[in-house]
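*Asks:*
Number of protein chains: 2
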Amino acid sequence: MADPCATNTGLLRHAQALARLLQHAAVLPAEACAAQDAGGRVLAQDVLAISALPAFDNAAMDGFALHGEGQTLSAGSVLAIAGTVAAGDAPPAQIAQAWEIMTGAPLPPGTDTIVPVERTERVDARHVRLLDDVRSGQHLRRQGSDMQPGEHLAQAGQRVDATVQMLLAAQGITEVQVRARPRVAILSTGKELVDDPAVALQPGQIRASNGPYLAAALEEAGACVIAHHTLGDDPADFAARLARLAPDVDLILTTGAVSAGIHDFIPAALQAAGATRLFHKTAIRPGKPLLAAQFPSGALVLGLPGNPVATAVCFRFFAVPLLRAWQGLAEERPLRARLAADCQGRTGFRQFLKARVDHDAQGQLQVQVLTGQESFRIGALLHANAWAVIDEEAGLLPAGTPIEVLPRDAGGRWHFD
Amino acid sequence: MADPCATNTGLLRHAQALARLLQHAAVLPAEACAAQDAGGRVLAQDVLAISALPAFDNAAMDGFALHGEGQTLSAGSVLAIAGTVAAGDAPPAQIAQAWEIMTGAPLPPGTDTIVPVERTERVDARHVRLLDDVRSGQHLRRQGSDMQPGEHLAQAGQRVDATVQMLLAAQGITEVQVRARPRVAILSTGKELVDDPAVALQPGQIRASNGPYLAAALEEAGACVIAHHTLGDDPADFAARLARLAPDVDLILTTGAVSAGIHDFIPAALQAAGATRLFHKTAIRPGKPLLAAQFPSGALVLGLPGNPVATAVCFRFFAVPLLRAWQGLAEERPLRARLAADCQGRTGFRQFLKARVDHDAQGQLQVQVLTGQESFRIGALLHANAWAVIDEEAGLLPAGTPIEVLPRDAGGRWHFD
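Chains as they are written, first to last, in my numbering: chain L, 14 to 430; chain B, 14 to 430.
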């Protein structure tokens with residue numbers, strides 16, 4: 014009987030393969046973090062306001078604090094000034110007709126109205142005249158009108174950014190619970206790879222680029238790289254590295270040697286190391302040879318194909334969702350953009366295409382699928398800010414069709430420059 | 014005669030004030046940076062490919078390398094296999110009918126066609142039969158077909174991200190020229206501010222939140238915070254700090270004490286310290302009291318208003334463009350989004366409103382101006398991912414009108430989660 018998760022290729026669909034992987038992605042433990050060090054971390058707790066903002070009734074303008082008491086104060090009124098209250102002063106105890114007051118200063122007792130200084134005229138050192146009628150209650154900031162104790166100021170699953178830092182500081186909150194950063198090891202395999210840029214290439218050799226890419230992309234996605242090695246094609250060396258790493262990491266990313274060629278030793282090496290296979294090969298392009306497995310320690314392995322674009326696609330559409338789930342981030346929401354030109358789907362495969370998303374003067378997003386989609390071509394990535402997602406049964410999509418797009422950035426942020 | 018740069022308020026427009034500031038923002042010096050440490054830095058050089066990618070003709074599939082020579086090879090042909098070439102092997106010297114070949118392996122001499130292994134049948138250890146006609150020249154990756162030496166792989170003014178790291182690594186480029194990070198000091202003023210979260214607030218006091226906000230936002234924008242102090246309202250203390258900092262920084266950000274109140278000592282203190290005023294007060298809301306000045310050392314000062322939302326707006330729409338210019342980043346390009354509801358402009362002022370940009374299934378961007386726009390309200394920032402820009406002469410903008418929006422993030426990246 015046909016696997017209902019498979020496409021007409023007999024391969025597992027992206028959505029089903031990802032779901033299998035995410036079954037093993039329980040959110041990581043929470044840990045305490047000083048607010049000032051929490052930038053980029055994901056909150057493991059809802060953060061509630063502990064005090065009202067503003068903490069006390071205060072003046073929204075420089076001017077005079079008056080007693081309106083629900084009545085309009087008439088133009089021409091002359092009022093006696095008892096003194097001056099500045100921001101940072103305690104509110105005065107004395108009850109008086111008028112106080113000179115600065116923005117942010119606490120309201121003196123009984124006052125409930127601010128008249129801006131430019132709507133007044135000084136009669137003498139102790140008296141002020143109103144130039145216009147003054148509406149009772151104006152230009153105040155009432156205690157708690159911005160935030161009440163117990164209100165959410167940030168939510169679990171939110172990344173701490175400058176705005177969250179502002180809100181935490183305004184509340185005097187110095188420590189928050191954040192999710193542990195996923196711990197990841199990178200093992201690039203292939204005897205063709207040369208790691209040291211100072212070493213000249215011999216015929217048949219290439220520079221290792223997947224490892225540096227993954228290290229930087231893991232950082233963008235909030236993970237910690239705790240090991241990063243380039244290996245040859247020696248299964249014994251590989252198995253030894255795996256055994257050492259598995260107890261200390263959440264994820265091992267390998268690149269290369271994962272297809273069905275005679276040197277593709279990783280599937281067998283993982284099996285020999287006791288890892289349980291979750292899936293091998295999925296109905297995606299590029300990236301079809303992807304392998305996922307789990308060690309008895311719980312560590313997951315993603316065996317990424319060696320072609321750099323296939324590595325990037327498998328990382329973006331399998332590892333990133335996994336890293337998000339571990340950190341307690343919600344599933345990423347794609348944007349939708351209209352195709353700038355016809356696009357031919359590839360029956361049975363979900364395609365992830367190098368693409369450029371832009372926008373017009375009306376705010377309509379448009380996506381251009383770039384030329385040079387072969388998985389060895391990295392030049393086109395320079396112009397891409399997105400991956401266009403073309404589904405398994407898409408067929409021919411005419412120009413103008415809205416499709417899903419995700420940012421190239423592994424942190425899920427869009428750049429439109 | 015009226016100043017042509019001023020609006021009907023007599024105040025300098027945002028665009029003109031910013032242009033005055035940017036006249037003093039020559040790009041910062043270039044400095045060498047190891048590629049692996051260059052994440053987030055801005056390139057000060059175009060980076061050119063130094064070698065061809067691929068570096069040599071190689072196989073795009075696992076299979077057999079054959080001699081097509083422009084002719085179709087017929088189904089049923091039986092070819093003698095001379096041996097196997099794997100990725101990382103030097104190309105063999107021997108000329109032969111067929112070589113078993115792995116993805117990424119160099120083409121043996123004279124071969125120009127790859128037949129995938131699944132389109133063949135092994136006759137015996139030394140012979141292979143073609144199952145289909147084979148098109149000459151297929152499944153090759155030609156030397157230089159992705160990138161030629163001298164082609165751009167990254168451009169001056171581009172931030173180094175994971176993709177740039179991949180391209181640099183593929184070329185073996187270990188060092189790049191990047192722009193120096195702007196050096197910035199933060200001086201928050203106001204005797205109402207309490208910096209130490211362990212200290213209980215006295216009546217009239219508030220927690221300092223602008224400093225922590227600016228420190229995090231500066232980091233997002235690529236700057237280095239080299240000093241961060243919270244001061245009272247003592248002009249002498251302030252002047253002493255300025256004198257010490259000015260020679261060592263590109264920018265001093267102050268908050269508070271910049272309006273026309275009796276405790277607003279910063280304009281006079283800057284003048285006394287020998288700084289040349291570039292402008293004071295601009296036709297923006299919030300943020301009208303903003304002051305810009307320059308020290309003889311060249312250091313710029315932005316005197317930001319003390320209200321947190323005014324601080325954030327002045328930072329986003331004056332300091333961020335300045336930090337971009339210093340780093341050699343292009344001027345930021347706003348998105349455009351359609352207003353979800355009518356919006357009333359404020360004649361004579363450019364307004365920057367807390368807003369949420371979202372998108373529909375057709376890829377149309379829409380912007381909702383949030384409630385709670387007063388400049389002391391920070392609660393609404395939690396829901397904002399954008400600033401909506403409403404121009405000086407906008408009048409009433411009906412729902413559906415496309416307007417400019419910029420991301421809340423000081424790094425210029427959009428979050429749509």
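Think of the CB as a built atom: it goes at the ideal place given N, C-alpha and C, for glycine as much as any other residue. Being a predicted model, the structure only gives us computed values, none of them experimental.
1) For Met14/B, name the three-state secondary structure that DSSP assigns.
2) Residues of chain L with CB under 9 Å from Lys204/B, in chain order?
3) So, are the CB atoms of Ala99/B and Met115/B less than 8 Å apart?
4) Rounded C-beta distance between Arg426/L and His428/B? I'm assuming under 8 Å.
5) Taking the CB atoms as reference points, tell me whether Arg38/L and Thr295/L lie closer together than 8 Å.
6) With DSSP collapsed to three states, give me the class of Gln171/L.
7) Using a Cβ-Cβ distance cut-off of 8 Å, determine whether Ile63/B contacts chain L.
8) Please give me, in chain order, every unbroken run of the alpha helix (DSSP H) with length at least 4 that falls completely inside the segment 381-412 of chain L.
9) So is Phe330/B in contact with chain A if we call contact Cβ pairs under 8 Å?
10) Could I get the ranges of all uninterrupted beta strand (DSSP E) runs contained in the segment 302-340 of chain L, with 3 residues as the minimum, in chain order?
11) Candidates Gln178/L, Leu66/L and Arg33/L: which alpha carbon is nearest Leu56/L's?
12) List the endpoints of the continuous alpha helix (DSSP H) containing Gly361/L.
13) Would you please verify whether the beta carbon of Gly361/B is less than 8 Å from any beta carbon of chain L?
14) Do Asp250/B and Gln168/B have their C-beta atoms within less than 8 Å of each other?
15) Kindly list, in the order they appear in chain L, the residues whose Cβ is closer than 8 Å to that of Leu348/B.
16) Should Arg421/B be flagged as near chain L, meaning a C-beta pair shorter than 8 Å?
17) State whether the segment 240-249 of chain B contacts the segment 202-213 of chain B, with contact taken as three or more CB pairs (one from each stretch) at a distance under 8 Å.
18) I'd like the list of long-range same chain contacts for Ala368/L, defined as Cβ closer than 7 Å, with 5 residues on each side in sequence excluded.
19) Using beta-carbon positions only, say whether Ala236/L and Pro195/L come within less than 8 Å of one another.
20) May I have the straight-line CA-CA distance separating Arg298/B from Ala240/L, to the nearest angstrom?
21) Report the rounded CA-to-CA distance for Leu406/B versus Gln36/B, giving the unit in angstroms.
22) Assuming Ile279/B is part of the beta strand (DSSP E), what are its boundary residues?
23) Looking at chain B, is there any beta carbon in it that lies within less than 8 Å of the beta carbon of Pro299/L?
24) If you follow the beta strand (DSSP E) that Glu134/B is part of, which residue opens it and which one closes it?
25) When you compare the CB positions of Gly170/L and Gly341/L, do they come within less than 8 Å of one another, or not?
26) Is the beta carbon of Leu72/L sitting closer than 8 Å to the one on Met160/L?
27) For the candidate residues Ala68/L, Gly287/L, Asp209/L and Arg135/L, whose alpha-carbon lies nearest to that of Ala103/L?
28) Would you list the one or two residues that DSSP bridges to Gln377/L?
29) Output the residue ranges of the alpha helix (DSSP H) runs that lie fully inside the segment 169-240 of chain B and measure 4 residues or longer, sorted by chain position.
30) Out of Phe365/L, Ala282/L and Gly385/L, which has the shortest C-alpha to C-alpha gap to Arg421/L?
31) Which of the three DSSP states is assigned to Asp371/L in this structure?
32) Please list the partners that Glu44/B has in chain L, where partner means a Cβ-to-Cβ separation under 7 Å.
33) Can you list, in chain order, the residues of its chain with a C-beta nearer than 8 Å to that of Arg349/L? Leave out the 5 residues immediately preceding and following it.
34) Return no unless some Cβ of chain L is closer than 8 Å to the Cβ of Gly117/B.
35) Would you give the residue range spanned by the beta strand (DSSP E) that Arg254/L belongs to?
36) Report the residues of the segment 202-233 of chain L with a CB closer than 7 Å to any CB of chain B, ordered along the chain.
*Replies:* Quick answer:
1) For Met14/B, the pLDDT reaches just 42, beneath the cut-off of 50, and the residue's location in the model is therefore unreliable, although a value from the coordinates is still provided. Three-state result, Met14/B: coil.
2) Ala99, Ala100, Gly101 and Asp102
3) Yes, Cβ-Cβ distance for Ala99/B and Met115/B is below 8 Å.
4) His428/B and Arg426/L do touch by the CB rule: their CB atoms are close to 6 Å apart, below 8 Å.
5) The sequence as given places Ala at residue 38/L; Arg does not occur at that position. Their beta carbons are not under 8 Å apart, which means Ala38/L does not touch Thr295/L by this criterion.
6) coil
7) no
8) none
9) The chain labelled as chain A is not found among the protein chains of the depicted structure, namely L and B.
10) Whole beta strand (DSSP E) segments, 3+ residues: 304-307 and 313-317.
11) Gln178/L
12) It is not in any alpha helix (DSSP H) - Gly361/L carries neither H nor E in the DSSP assignment.
13) So, not an interface residue.
14) no
15) His372, Gly376 and Phe429
16) yes
17) Look at the beta carbons and you see the segment 240-249 of chain B touching the segment 202-213 of chain B: at least three pairs across the two are nearer than 8 Å.
18) Excluding positions up to five away in sequence, the list reads Val380, Gln381, Val382, Leu383, Ala397, Ala399, Trp400, Ala401 and Val418.
19) yes
20) Taking the Cα positions, Arg298/B is about 50 Å away from Ala240/L.
21) Inspection of the sequence shows that residue 406/B is occupied by Glu rather than by Leu. The straight-line gap from Cα to Cα measures roughly 26 Å.
22) Unbroken run through Ile279/B is the alpha helix (DSSP H), Ile279 to Ala285; no beta strand (DSSP E).
23) no
24) Thr133 to Asp137
25) yes
26) The sequence given here places Ala at residue 72/L; Leu does not occur at that position. Cβ distance not < 8 Å, so Ala72/L and Met160/L don't count as in contact.
27) Ala68/L
28) Looking at the DSSP assignment, Gln377/L forms a beta bridge with Gln377/B.
29) Listed in chain order, the alpha helix (DSSP H) elements of length 4 or more contained wholly in the segment 169-240 of chain B are 175-184 and 223-233.
30) Phe365/L
31) strand
32) Those do not exist, as Glu44/B stays about 20 Å from chain L at its closest Cβ, beyond 7 Å.
33) Counting only Cβ-Cβ distances below 8 Å, and skipping sequence neighbours, we find Leu378, Pro415, Ile416, Glu417 and Val418.
34) yes
35) Run containing Arg254/L: none in the beta strand (DSSP E); it sits in the alpha helix (DSSP H), Pro248 to Leu258.
36) Gly203, Lys204, Glu205, Pro210, Leu214, Gln215, Pro216, Gly217, Gln218, Ile219, Arg220, Ala221, Ser222, Pro225, Tyr226, Ala229, Ala230, Glu232 and Glu233
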